[in-house]
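Residue numbers (this note's numbering): -12 to 115.
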């Protein structure tokens, strides 16, 4: 899909099959390489992002959101802003979500197990 001139691939994954980072990079490469019509200059390639909502822990950190892009390993110089990977790890979401954080409200929808949890999220989102 295209959002604000950027290619966005939204992935939702429930189980960790052990090769998720490679899978995500493959999907990114497919999206990126298909975005340029023949004869166009490479500078016309759109920024291409993968947004992954995953129901397992992938990274050894406390933060529920991780963002990756290509950086030089010593100086951390950005190679290009045309590549980005967002990972949202549902098991790391806080239990209490406030109405001020719309992103957490949306992510909580994926984590909800009961009608009561969905109702609570709906009620919080209506106060926005």
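Ideal Cβ positions, reconstructed from N, Cα and C, are used throughout, including at glycine.
Remember, predicted model here, so these are calculated numbers, not experimental data.
Restricting to Cα atoms, I'd like to know which of the options is closest to residue i.
i, options, result
"residue 72", "37, 81 and 112", "37"
"residue 87", "63, 113 and 104", "113"
"residue 1", "75, 16 and 102", "75"
Counting only the same chain and skipping the five closest in sequence on each side, list residues whose C-beta sits under 7 Å from that of residue i.
i, result
"residue 98", "77 and 80"
"residue 31", "23"
"residue 18", "-6, -4 and 35"
"residue -8", "33"
"residue 11", "-2, 37, 39 and 72"
Which residues bound the alpha helix (DSSP H) around residue i?
i, result
"residue -3", "No alpha helix (DSSP H) holds residue -3; the beta strand (DSSP E) holding it covers -7 to 0."
"residue 16", "7 to 20"
Apart from the five residues just before and just after residue i, which ones in its own chain have a Cβ nearer than 8 Å to its Cβ?
i, result
"residue -11", "-5 and 33"
"residue 84", "91, 92, 95, 108 and 111"
"residue 105", "96 and 99"
"residue 14", "-4, -2 and 37"
Where do the ends of the beta strand (DSSP E) carrying residue i lie?
i, result
"residue 84", "Unbroken run through residue 84: none, as it is neither H nor E."
Can you list, in chain order, the residues of its chain whose CB lies under 6 Å from that of residue i, leaving out five sequence neighbours each side?
i, result
"residue -3", "38"
"residue 5", "none"
"residue 3", "43"
Got a sec: is the Cβ-Cβ distance from residue i to anything in chain B below 8 Å?
i, result
"residue 17", "Absent from the structure is chain B; it holds one protein chain and no more."
Cβ pair count under 8 Å reaching 3, the stretch 13 to 33 against the stretch 53 to 64 = no
With a cut-off of 8 Å, do at least 3 Cβ pairs link the stretch 62 to 70 to the stretch 42 to 51?
-> no
Any beta strand (DSSP E) of 3 or more consecutive residues that is wholly inside the stretch 24 to 106 = 35 to 41, 52 to 55 and 70 to 76
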